[in-house]
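Chains as they are written, first to last, in the working numbering: chain A, 4 to 370; chain B, 4 to 370.
Ideal Cβ placement from N, Cα and C applies to all residues, glycine included.
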DNA sequence: GTGAAAGCGCTAACAG
DNA sequence: CTGTTAGCGCTTTCAC
């Protein structure tokens with residue numbers, strides 16, 4: 004743990020190159036309007052001295068930080084049990100890195116952390132924020148609004164005025180643009196899963212929901228209901244069990260389901276982890292998958308789905324791409340900066356202020 | 004994505020409270036030596052204006068950033084498949100938060116990223132760094148050394164001069180202290196696992212290693228060999244298969260093992276994920292676990308071990324605590340800052356510059 | 001094109 | 001105890 008060395012300053016580089024600080028600054032920041040040979044001399048001096056600009060000093064004058072906060076508002080352990088979060092981070096990291104931005108990670112573990120995060124965001128330490136895993140009653144959106152930090156949400160926020168989630172619609176450019184977010188087509192994905200089960204000839208199709216205080220869970224439930232109502236013309240409430248996106252929750256739900264409807268012949272689980280729990284209970288009860296009961300998950304966490312027994316049919320969403328897209332949207336908004344118009348304006352695939360990524364059904368053995 | 008508002012400055016607070024900037028600064032930074040009523044007036048002004056200090060300006064003069072970089076040098080997908088990384092991050096985050104430090108996440112995906120990270124670290128943007136997942140040939144340690152950033156490593160670095168990993172020994176205070184790191188007792192944990200298998204009456208005990216370019220894998224292998232040599236008086240090389248910490252790798256290794264030694268009666272896998280793969284192959288080959296073959300993992304990733312079939316006996320390490328400890332060590336070193344002495348000096352549980360956390364054998368059904 | 005000068009918002013001596 | 005005074009290292013008008 005060596006002592007931090009004091010780095011050379013602009014001044015030093017200027018002296019060595021025999022120019023003024025201003026010139027060095029210009030060269031370091033792209034070199035516009037500095038003649039070739041001079042610029043070369045400066046670059047040489049920079050090289051020799053190992054000069055690295057002091058970001059604090061720079062930020063002080065530019066008011067930019069080239070840093071983005073990633074806020075993960077998941078007090079529970081769930082985030083840590085499934086790789087969702089890591090994949091999302093990876094996508095974000097790649098995109099930020101490509102634009103020379105830093106990633107400041109803000110984990111919210113408990114109630115008290117909200118204030119801390121809000122303070123940080125308000126402190127003008129970052130140029131923007133990427134926020135995940137919002138629950139319906141989360142105070143964060145309000146705090147962020149107050150802080151006035153440009154923000155992109157991961158997953159449709161619950162308070163947005165546009166509950167449509169199934170496809171692009173004409174966006175009214177004049178209204179309050181509402182929150183900017185990136186999500187996958189939860190509702191459409193759920194529909195395709197249930198339709199697939201229907202196509203398999205299944206009729207008593209159950210749904211194990213996710214945590215219903217999150218829009219992703221609600222949207223998937225809606226998709227399930229869409230198909231049950233439209234295609235089968237019925238929507239038996241006994242076939243829906245509320246759960247929480249965890250394997251344990253999936254087990255409990257599956258047991259409940261087996262009790263309620265012993266003749267269930269298919270299960271659409273709100274995510275892969277839940278499906279895993281269901282699979283285990285089905286096996287314990289001697290039901291064969293998919294012969295007796297077909298099972299479909301959601302997410303396609305490859306290590307989970309491929310290693311499941313039997314390998315899990317699921318609805319895939321490109322999580323890493325979602326992360327990347329969130330970062331891109333934020334960065335674009337930051338550079339655009341015409342504060343009147345919505346920042347996602349001109350963005351392809353945008354439905355209103357949300358960008359909805361498509362999902363794909365991945366067929367494996369379980370359905 | 005609202006426009007960032009321009010925040011009030013110290014100046015503004017000073018004016019409103021009718022004092023000088025210096026006084027406000029004092030109050031904001033702990034309020035030492037400011038009389039009660041005055042301080043109260045300042046605090047009121049701060050409150051009313053919603054003043055938040057500008058960290059950039061502060062850093063510029065204090066040369067502190069209250070920020071720590073977390074570098075994850077795992078180009079592969081492995082980190083994202085197991086929750087190890089997330090747990091570690093959580094521990095770090097908690098500790099940093101408690102000390103009002105920010106966490107800057109630096110993910111290394113490819114070769115080019117090393118330079119970027121090195122530049123960032125050298126740029127004096129953070130007070131210290133926490134570095135993970137080092138492989139033997141990693142250029143990072145050198146780069147970090149050059150950057151002169153106080154650093155604590157997660158896992159014993161390969162080039163450290165103290166390969167002992169099995170317990171505390173007298174540390175020589177005068178020599179080059181070497182890298183500071185936190186690790187679990189990989190070797191001791193491996194020993195306890197193998198001893199447990201021996202105690203079960205098993206004799207043909209195999210080991211599926213981790214990626215041997217990481218010290219954790221090497222240390223676990225050493226622990227295995229210790230017991231095989233000491234207790235059983237032999238060390239059959241055919242019983243050791245090199246693998247890579249992944250479930251897929253575990254499957255391949257188990258197949259290989261079954262081919263080499265069909266009469267194997269126990270497997271100690273380098274981690275839980277590997278054990279999972281082994282379990283699957285054993286089942287496919289009709290071997291009962293634990294009756295025919297006992298299986299032990301390492302890590303105790305609860306979602307993995309408890310959901311395994313059968314539930315996995317394993318060696319538990321407290322990953323979150325490791326993260327927390329790394330952060331604590333770094334922060335302590337930063338505040339101590341007597342640059343001669345080793346920064347971990349005076350730290351309990353320290354063997355040399357490494358802190359080794361104990362492991363526990365968790366008995367479940369698989370062994 | 002290039003340099004000189006004026007701060008960005010804050011802390012840390014140093015006076016008073 | 002409190003205020004005054006210098007900068008921290010950089011960017012950015014503004015002259016030249």
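Classify residue 357 of chain B as buried or exposed, calling it buried when 16 or more other Cβ atoms lie within 10 Å of its own Cβ.
As a first step, residue 357 of chain B is located in the second chain; it is residue number 354 there, counting from the start. That one is buried.
Should residue 28 of chain B be flagged as near chain A, meaning a C-beta pair shorter than 7 Å?
Looking up residue 28 of chain B in the second chain gives position 25. Not closer than 7 Å to any Cβ of chain A, the Cβ of residue 28 of chain B fails to qualify, so no.
Span of the beta strand (DSSP E), counted from its first residue to its last, around residue 108 of chain A:
For the purposes of this step, residue 108 of chain A is taken as the residue at position 105 of the first chain. Unbroken beta strand (DSSP E) run through residue 108 of chain A: 105–110.
On the DSSP letters alone, give me the boundaries of the beta strand (DSSP E) that residue 364 of chain A sits inside.
For this step, residue 364 of chain A is matched to residue 361 along the first chain. Residue 364 of chain A -> beta strand (DSSP E) spans 363–365.
Contacts of residue 274 of chain B in chain A (Cβ-Cβ under 9 Å)
Residue 274 of chain B sits at position 271 when you count from the first residue of the second chain. The premise fails here: residue 274 of chain B is roughly 13 Å from chain A at the closest Cβ pair, so nothing lies under 9 Å.
Residues sharing a beta bridge with residue 210 of chain B, DSSP:
One-based indexing of the second chain puts residue 210 of chain B at position 207. The partner list for residue 210 of chain B (beta bridge, DSSP) reads B/243 and B/271.
Between residue 13 of chain B and chain A, is the shortest Cβ-Cβ distance under 7 Å, so that the two count as touching?
Taking the first residue of the second chain as position 1, residue 13 of chain B is located at position 10. Among the CB atoms of chain A, none fall inside 7 Å of the CB of residue 13 of chain B.
Taking DSSP's pairing of strands, which residues face residue 133 of chain B in a bridge?
Against the second chain, residue 133 of chain B aligns to sequence position 130. BP columns for residue 133 of chain B point to B/73 and B/155.
Taking C-beta to C-beta, are residue 136 of chain B and residue 211 of chain B nearer than 7 Å?
Walking along the second chain from the start, residue 136 of chain B turns up at place 133. Walking along the second chain from the start, residue 211 of chain B turns up at place 208. No. Outside cutoff.
Of the residues B/250, B/208 and B/234, which one's Cα is nearest the Cα of residue 240 of chain B?
Here residue 240 of chain B is taken as the residue at index 237 of the second chain, counted from 1. The shortest C-alpha separation from residue 240 of chain B is found at B/208.
So with Cβ pairs under 7 Å, would you call residue 290 of chain A a contact of chain B?
If you number the first chain from 1, residue 290 of chain A lands on position 287. False, the Cβ-Cβ gap to chain B never drops below 7 Å.
Same chain, Cβ closer than 7 Å to residue 169 of chain A, neighbours up to 5 away in sequence not counted:
In the first chain, the residue the question calls residue 169 of chain A occupies position 166. Summary for residue 169 of chain A: the model assigns pLDDT 39, below 50, so the residue's position carries little reliability, and this model does not support an answer.
Anticipated Cβ contact below 8 Å, residue 104 of chain A with residue 334 of chain A, distance rounded:
For the purposes of this step, residue 104 of chain A is taken as the residue at position 101 of the first chain. For the purposes of this step, residue 334 of chain A is taken as the residue at position 331 of the first chain. Yes, they are in contact, since the Cβ atoms of residue 104 of chain A and residue 334 of chain A sit about 7 Å apart, within 8 Å.
Roughly how many whole angstroms lie between the Cα atoms of residue 122 of chain B and residue 227 of chain B?
As a working note, residue 122 of chain B is residue 119 in the second chain. As a working note, residue 227 of chain B is residue 224 in the second chain. Whole-angstrom Cα-Cα distance: 40 Å.
Secondary structure at residue 183 of chain A, three-state DSSP: helix, strand or coil?
By 1-based counting over the first chain, the position of residue 183 of chain A is 180. Note: residue 183 of chain A maps to strand in three-state DSSP.
Classify residue 71 of chain A: buried if its beta carbon has 16 or more other beta carbons within 10 angstroms, exposed otherwise.
What you label residue 71 of chain A is simply residue 68 of the first chain in a count that begins at 1. So residue 71 of chain A counts as buried.
Among residues of its own chain, excluding the 5 on either side of residue 13 of chain B, which ones have a beta-carbon nearer than 7 Å to its beta-carbon?
Within the second chain, residue 13 of chain B is the residue found at index 10, counting from 1. Excluding sequence neighbours, residue 13 of chain B sits near 24, 27 and 28.
Between residue 127 of chain A and chain B, is the shortest Cβ-Cβ distance under 7 Å, so that the two count as touching?
In the first chain, counting from the first residue as 1, residue 127 of chain A sits at position 124. Taking Cβ atoms only, chain B reaches closer than 7 Å to residue 127 of chain A, which makes this a yes.
Spatial distance of residue 162 of chain A from residue 113 of chain A (CA atoms):
Residue mapping note: residue 162 of chain A aligns to position 159 of the first chain, counting from 1. Residue mapping note: residue 113 of chain A aligns to position 110 of the first chain, counting from 1. So the alpha carbons of these two residues sit roughly 22 Å apart.
For chain A, is any of its Cβ atoms less than 7 Å away from the one on residue 142 of chain B?
Counting from one through the second chain, the residue named residue 142 of chain B turns up at place 139. With 7 Å as the cut-off, residue 142 of chain B does not count as an interface residue toward chain A.
Within 7 Å (strictly less), CB to CB, does residue 107 of chain A reach chain B?
Counting from one through the first chain, the residue named residue 107 of chain A turns up at place 104. Under the 7 Å criterion on CB atoms, residue 107 of chain A is classed as interfacial with respect to chain B.
With residue 360 of chain B as the anchor, note down where its beta strand (DSSP E) starts and where it stops.
The residue labelled residue 360 of chain B in the question sits at position 357 within the second chain. Start and end: 357–360.
Going straight from the alpha carbon of residue 361 of chain B to that of residue 320 of chain B, what length do you get?
Against the second chain, residue 361 of chain B aligns to sequence position 358. Against the second chain, residue 320 of chain B aligns to sequence position 317. Whole-angstrom Cα-Cα distance: 7 Å.
Decide if residue 330 of chain B is buried, meaning its Cβ has at least 16 other Cβ atoms within 10 Å, or exposed.
Position 327 of the second chain holds residue 330 of chain B. Classification for residue 330 of chain B: buried.
Contact criterion: CB-CB distance below 7 Å. Does residue 219 of chain B meet it with respect to chain A?
The residue given as residue 219 of chain B occupies position 216 in the second chain. No, residue 219 of chain B lies away from the interface with chain A (no Cβ there is under 7 Å from its Cβ).
Closest by CA to residue 363 of chain A, which one among A/300, A/116 and A/251?
Mapped onto the first chain, residue 363 of chain A falls at position 360. Residue A/300 is the option with its Cα nearest to residue 363 of chain A.
Partner residues on chain B for residue 135 of chain A, Cβ-Cβ distance less than 7 Å:
The count along the first chain starts at 1 and reaches residue 135 of chain A at position 132. None at all; the shortest Cβ gap to chain B is about 13 Å.
Please confirm whether residue 270 of chain B and residue 298 of chain B have their CB atoms less than 7 Å apart.
Along the second chain, read from residue 1 onward, the residue named residue 270 of chain B stands at position 267. Along the second chain, read from residue 1 onward, the residue named residue 298 of chain B stands at position 295. Against a cut-off of 7 Å, the Cβ pair of residue 298 of chain B and residue 270 of chain B comes out as a contact.
Which bits of chain A does residue 47 of chain B rub up against, with CB to CB less than 9 Å?
The count along the second chain starts at 1 and reaches residue 47 of chain B at position 44. Near residue 47 of chain B there are no residues of chain A at all, since even the closest Cβ is about 18 Å away, more than 9 Å.
C-alpha distance - residue 252 of chain A paired with residue 337 of chain B, whole-angstrom precision:
As a first step, residue 252 of chain A is located in the first chain; it is residue number 249 there, counting from the start. As a first step, residue 337 of chain B is located in the second chain; it is residue number 334 there, counting from the start. Rounded to whole angstroms, residue 252 of chain A to residue 337 of chain B spans 44 Å at the Cα level.
Contact under 7 Å by Cβ, residue 100 of chain A with residue 132 of chain A:
By one-based count along the first chain, residue 100 of chain A stands at place 97. By one-based count along the first chain, residue 132 of chain A stands at place 129. No, the Cβ-Cβ distance between residue 100 of chain A and residue 132 of chain A is not below 7 Å.
Excluding the 5 residues flanking residue 142 of chain A on each side, which residues of the same chain have their C-beta closer than 6 Å to its C-beta?
Residue numbering aside, residue 142 of chain A sits at position 139 when the first chain is read from its first letter. Here the set comprises 117.
Taking all protein chains shown into account, do 16 or more other C-beta atoms lie within 10 angstroms of the C-beta of residue 39 of chain B, making it buried, or fewer, making it exposed?
Counted from its first residue, the second chain places residue 39 of chain B at position 36. So residue 39 of chain B ends up on the exposed side.
Cutoff 7 Å: residue 285 of chain B Cβ touching any chain A Cβ:
For the purposes of this step, residue 285 of chain B is taken as the residue at position 282 of the second chain. By this cut-off, residue 285 of chain B is not an interface position.
Looking at the structure shown, is residue 300 of chain A part of a helix, part of a strand, or coil, going by DSSP?
Here the question's residue 300 of chain A lines up with position 297 in the first chain. Of the three classes helix, strand and coil, the one that applies to residue 300 of chain A here is strand, per DSSP.
When you compare the region 50–61 of chain B with the region 286–296 of chain B, are there three or more beta-carbon pairs, one atom per stretch, that lie closer than 8 Å?
no
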